[in-house]
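**Q**
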Amino acid sequence: MKVVFAIHHAGAFRSYDGVIRYLCSQGHQVTVLHGEREKPIRMDRALKACLAEMQSCDDGQMYLRKNWVWLANIRELVNCAIYLRPRHPNPSHARRWINKVNQPLRFVAKTRTGMKLMASPRIRRALQRIETVIPPERTITQWLESNAPDVVFASPYISPVSRELEYVKAAQALGFPTVVGVLSWDNLTTKGTFHIMPDWILVWNDALAKEATELHDVPAKKIFMTGAPVFDFWSEMHPSNDYATFCSQVGIPPDQPYILYLGSSPFIAHDETPFVREFAQRLLESEKTKDISLVVRPHPTNAAFWQTFKAENVAIWPQDGEYVDAPEAKQVYYDTLFHSTAVVGVNTSAMLEAAIVDKPCVTIMTEHYRNTQGKVGHFKHLLDADFLEIALSFAEATDIIAAIRRGRDLKKEQRRRFGAGPDL
């Protein structure tokens, strides 16, 4: 079988690394087509390793649609309209999404009348119908005809300026089966919608399947729940060093515990340094936690703020918030989680990984991050899973940390059920 994986950029490969390796090991031919990452961050190590190790895997650059600015604007208007649907968990994203539309269309769409029109189901459907009359990109059609894949797989697919969307469009025109993998837990509520409905859609769990049907009108018969392949490797991990050795690497006292702060993406948290500085100070001021170190693991796309950060009881590890793709990076991340007493964060998928490693998870819900916690849909998944310790202030978070240190782990059962359950 010949399978084409069309992924937004090489970094997305890590989510399907195990899947692609398995297909290759079973004798299938896999071609990975990818775009370029806009941000200067190394994210292609997993893909390069697979290409070097699996003879039946090759890669190439995705072709782009030519002269497509006006179509891109239509798609972004449809994305915006999705957030205006009744009961959408992130209605505030509508105005944010309008900024992706070119002027003067943006100016018109931002008006009260423009927003009202896009909230109309009739207008949304009219915008969606435009997609159906636009033929696929000829270059992509010719490439697929020449290579004749048995199936075309696309991911994340739901994203701004989706490149892989064009491959599904062309594949359907040629009669090739199409599959879309929803890349992560927040894509269905923060990244847009399905402009072209594929033959099948793969999601992690029932909660995401429900979002697909209720927010995007995906027929239930098209949806398959597969778990989260990006997390499969965690079940095979073991610590590579002891506590003292790890602490010496990080530069923290080996005779004291540490709390791990898991950084969030720039969309969620932007500059987290004032938030962490205040939290670290509260830890120092409390008799119960003054000897606890705070290790910060920056989000790899939001690490610049930490380059010059200094605080008495804080260590940054790794400094650039390493992307978890290569075996060495996975081991560093696992060791950092494994040796910690507990983890703290605002709103990040790293909380899911911490639960898998069975670490108590604490989130601090403050007014500062109100819009990217309680007002975004994917944070609700964390709340529904009920494995988070929720603090409403830094003082409360400090008390929770002190209690966890004493062995009072109130969410242990919920966390273990979630970490080992079908949701992941």
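Using my numbering, you'd call the opening residue of the sequence shown number -7 and step up by one each time.
Even for Gly, the Cβ is constructed at its ideal location relative to N, Cα and C.
Does DSSP put G337 in a helix, in a strand, or in coil?
**A** Of the three classes helix, strand and coil, the one that applies to G337 here is strand, per DSSP.
**Q** For a test of the three-state rule: what should DSSP assign to Y253, helix, strand or coil?
**A** Residue state, collapsed to three classes: strand.
**Q** Measuring only the C-alpha atoms, how far is P32 from D263?
**A** Reliability of the predicted coordinates at P32 is poor, the pLDDT of 48 falling under 50, and the value obtained from them is presented with this limitation in mind. About 18 Å.
**Q** Hey, would you say G255 sits closer than 9 Å to V288, going by beta carbons?
**A** Their beta carbons are under 9 Å apart, which means G255 touches V288 by this criterion.
**Q** For D36, count neighbouring Cβ atoms within 10 angstroms of its own Cβ and tell me buried if that reaches 16, exposed if not.
**A** Per the 10 Å Cβ criterion, buried.
**Q** Give me the Cα-Cα distance between H360 and S176, rounded to the nearest whole angstrom.
**A** Answer to the nearest angstrom: the Cα atoms are 25 Å apart.
**Q** Please list, in chain order, all residues of the same chain as K403 whose beta carbon is under 8 Å from its beta carbon, the five residues on each side excluded.
**A** Within the same chain, K403 has close Cβ partners P352, C353, D378, F379, L380 and E381.
**Q** State the start and end residues of the unbroken alpha helix (DSSP H) segment that holds H85.
**A** Segment H85 to I90, the alpha helix (DSSP H) holding H85.
**Q** Should the segment 114 to 123 be regarded as contacting the segment 62 to 75, the criterion being three or more beta carbon pairs within less than 8 Å?
**A** Short answer: they touch.
**Q** Just to check, is the beta-carbon of L286 closer than 8 Å to a non-hydrogen atom of the ligand ZN?
**A** Here there are no bound small molecules, and the ligand ZN is not part of this structure.
**Q** If you check the beta carbons only, do P128 and K92 fall under 9 Å apart?
**A** Taking 9 Å as the Cβ cut-off, P128 and K92 do not qualify as a contacting pair.
**Q** Here's the rule: buried if 16 or more other CB atoms are within 10 angstroms of the residue's CB, otherwise exposed. What is L384?
**A** Per the 10 Å Cβ criterion, exposed.
**Q** Quick check: the Cα distance between T237 and E314, rounded to an integer number of angstroms?
**A** Near 20 Å, if we compare the C-alpha coordinates of E314 and T237.
**Q** With T23 as the anchor, note down where its beta strand (DSSP E) starts and where it stops.
**A** Per DSSP, T23 belongs to the beta strand (DSSP E) from Q21 to H26.
**Q** Please classify D376 as buried or exposed, where buried requires at least 16 neighbouring CB atoms within 10 angstroms.
**A** The residue in question, D376, is exposed, as its Cβ has fewer than 16 Cβ neighbours within 10 Å.
**Q** Name the DSSP beta bridge partners of I382, please?
**A** Per DSSP, T355.
**Q** Measure the C-alpha to C-alpha separation of R398 and K280 and round it to an integer number of angstroms.
**A** When rounded, the distance between both Cα atoms is 10 Å.
**Q** So is R79 buried or exposed if we call it buried at 16+ other beta carbons inside 10 Å?
**A** Flag for R79 reads exposed.
**Q** Check the DSSP bridge columns for Q53 and list the partner residues they point to.
**A** DSSP lists H26 as partners of Q53.
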